[in-house]
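In this note's numbering, the protein residues as written are 24 to 277. Backbone N, C-alpha and C fix where the C-beta goes; we use that ideal spot for every residue, glycine too. Taking it in order: structure first as structure tokens, then the write-up.
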Ligand code: SF4
Ligand code: FES
């Protein structure tokens with residue numbers, strides 16, 4: 024039976040619960056290569072809205088308390104991957120971390136991701152990370168020239184669906200203890216992006232990438248600690264992807 028207009032109106036009214044503002048202390052790891060000081064922690068007290076993320080608190084510090092605070096961000100919505108940082112000892116995107124979900128009765132510690140050289144405050148040198156990405160040839164390699172598109176079955180597409188979601192934030196690679204001690208290791212993110220093409224039925228260069236990752240700094244350095252999977256803000260099964268590349272090296276990609 025159809026609802027009367029009055030009933031429709033009542034059921035369509037959303038219930039919006041206001042999340043109150045609160046005070047929080049952030050300890051931010053500071054470093055300026057030009058002032059001669061060793062890295063140090065600096066604390067900031069800020070009032071944040073109930074819906075604010077760590078990125079909002081960093082903006083508030085930069086815009087209202089200390090304009091010299093340096094960090095990267097672009098989209099502010101979990102898409103560009105530029106604001107990965109260690110928040111309370113865990114790699115996360117600052118724009119996807121709600122402050123209310125942290126323990127706000129304790130200070131919140133924010134520091135740069137580990138294993139890459141710190142350039143200033145929360146900004147690290149991403150060049151070694153991008154070089155490993157480039158080294159695995161993260162693009163389709165195919166010699167055929169079809170008149171239209173290259174066809175692929177839904178099942179073949181599903182084979183690498185998970186690893187298409189990577190936004191190159193480096194949260195996985197810089198949570199990896201092997202990468203911390205051996206910066207030459209390709210790292211999880213490069214392997215994820217190799218996986219995306221190794222298992223693409225349209226690609227012809229799987230063997231090239233497999234050879235690259237069968238190197239002493241390749242997949243065999245992985246110790247299956249699952250830090251990478253836990254750190255990934257896109258929910259990619261990073262450790263599983265690394266395992267599948269190992270299996271492809273041993274048994275072929277199918
Ligand atoms: S696999 Fe996840 S954590 Fe690693 S770079 Fe890609 S999106 Fe970031
Ligand atoms: S600012 Fe783009 S992912 Fe956070």
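Continuous alpha helix (DSSP H) stretch holding residue i: start and end
i           : result
residue 14  : Summary: the structure shown does not reach residue 14, with the chain confined to residues 24 through 277, and so no result is reported for it.
residue 263 : 261-274
residue 65  : Note, residue 65: premise wrong, no alpha helix (DSSP H); beta strand (DSSP E) at 63-71.
residue 202 : 200-204
residue 214 : 211-221
residue 287 : Residue 287 lies beyond the residue range present for the chain, which begins at 24 and ends at 277; the question has no answer from this structure.
residue 252 : 250-254
Own chain residues within Cβ distance below 8 Å of residue i, not counting five before or after
i           : result
residue 163 : 220, 223, 225, 226
residue 27  : Note that residue 27 has pLDDT 47, beneath the 50 cutoff, so the model's placement of it is unreliable and the number below is only indicative. None.
residue 205 : 240, 244
residue 173 : 165, 167, 225
residue 110 : 77, 117, 120, 125, 131, 132, 133
Same chain, Cβ closer than 7 Å to residue i, neighbours up to 5 away in sequence not counted
i           : result
residue 79  : 71
residue 255 : 194, 195, 261
residue 25  : Here the model assigns residue 25 a pLDDT of 42, short of 50, so the residue's position is not dependable and the matter cannot be decided.
residue 31  : Caution applies to residue 31, whose pLDDT of 48 falls short of 50 and renders its modelled position unreliable; the value that the coordinates give is listed next. Within the same chain, residue 31 has no close Cβ partners at all.
residue 274 : none
residue 276 : 221, 222, 229
residue 43  : 73
is_contact[residue i, chain C] using C-beta, thresh 8 Å
i          : result
residue 96 : Annotation note: the requested chain C is absent from the structure, which comprises a single protein chain.
heavy atom of the ligand SF4 below 7 Å from residue i C-beta
i           : result
residue 254 : yes
residue 215 : yes
residue 191 : yes
residue 194 : yes
residue 212 : yes
residue 259 : yes
residue 104 : yes
6 Å CB neighbourhood of residue i in its chain, flanking five on each side removed
i           : result
residue 280 : With the chain running from 24 to 277 in the structure shown, residue 280 is simply not present.
residue 272 : 233, 237
residue 145 : 94, 108, 135
residue 104 : 190, 191, 192
residue 48  : 66, 68, 130
residue 213 : 155, 156, 159
Unbroken beta strand (DSSP E) run spanning residue i, endpoints
i           : result
residue 242 : First-last for residue 242: undefined, no H or E at that position.
Those residues which DSSP pairs with residue i across a bridge
i           : result
residue 115 : 108
residue 51  : 65, 133
residue 46  : 70
residue 76  : 121
Closer than 7 Å: residue i CB and nearest the ligand FES heavy atom
i           : result
residue 96  : yes
residue 49  : no
residue 116 : yes
residue 181 : no
residue 80  : no
residue 155 : no
residue 287 : No answer is possible for residue 287: the residues shown for the chain start at 24 and end at 277.
residue 264 : no
residue 101 : yes
heavy atom of the ligand NAP below 7 Å from residue i C-beta
i           : result
residue 112 : The ligand NAP is absent from the structure shown, which contains only the ligand SF4 and the ligand FES.
Minimum length 3: unbroken beta strand (DSSP E) runs contained in the segment 112-159: 113-116, 131-134, 141-143
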